[in-house]
Amino acid sequence: NTTGDGLLTGIHLAAVVKRSGKKLSELAAQMKKYPQSLINVRVTDKYGVEQNQEVKTVMEAVEREMNGEGRILVRPSGTEPLVRVMVEAKTDEDAHRYAETIAKVVEAKMGL
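Sequential numbering from 1 applies to the sequence shown in UniProt numbering.
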């Protein structure tokens, strides 16, 4: 048996709320929201993304360019032969551009 991401996230969130002693609304007010872009890339080996040096290199370059203003998540899909490239950045345009940059490398190095 497995536990879905949402259920596990909810449990962790409840633990954070309890430990902090604050209301969830107070904690949420501290969060900074960023526009998000998600690109799914069909690949031959979805687990290979974690070891691919070219993918790591482009992710590091994008992180440097973002300068702490956003985040990157590149991970294998749990259910499909895909790598999911998710980027949050200051603007929609930046999020999409950074996600495209990373997705192109994933596709070139690992795509079908």
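Each residue gets a CB set at the ideal place from its N, CA and C atoms; glycine is no exception. Predicted model, so just to flag it, every value in this text is computed and none were measured.
Limits of the beta strand (DSSP E) - the one that leucine 8 falls within = Taking the first residue of the sequence shown as 1, we reach residue 8 at position 8. That residue, leucine 8, is in no beta strand (DSSP E); its alpha helix (DSSP H) goes 5-20.
Output yes or no for whether 8 Å exceeds the beta carbon distance between alanine 89 and tyrosine 34.
-> Here residue 89 corresponds to residue number 89 of the sequence shown, with the count starting at 1. Here residue 34 corresponds to residue number 34 of the sequence shown, with the count starting at 1. Yes; because the gap between Cβ atoms is below 8 Å, this pair is in contact.
Rounded to a whole number of angstroms, what is the C-alpha to C-alpha distance between glutamine 30 and glycine 10?
-> The residue given as residue 30 occupies position 30 in the sequence shown. The residue given as residue 10 occupies position 10 in the sequence shown. Taking the straight line joining both Cα atoms gives about 18 Å.
When the Cα of leucine 82 is compared with those of Lys32, Leu13, Leu38, which residue comes out closest?
-> For this step, residue 82 is matched to residue 82 along the sequence shown. Of the candidates Lys32, Leu13, Leu38, the one whose C-alpha sits nearest the C-alpha of leucine 82 is Leu38.
With distances taken from CA atoms, which of Met86, Gly78, Glu93, Lys104 is nearest aspartate 5?
-> To locate residue 5, count along the sequence shown from 1; it is residue 5. Of Met86, Gly78, Glu93, Lys104, the residue nearest in Cα terms is Gly78.
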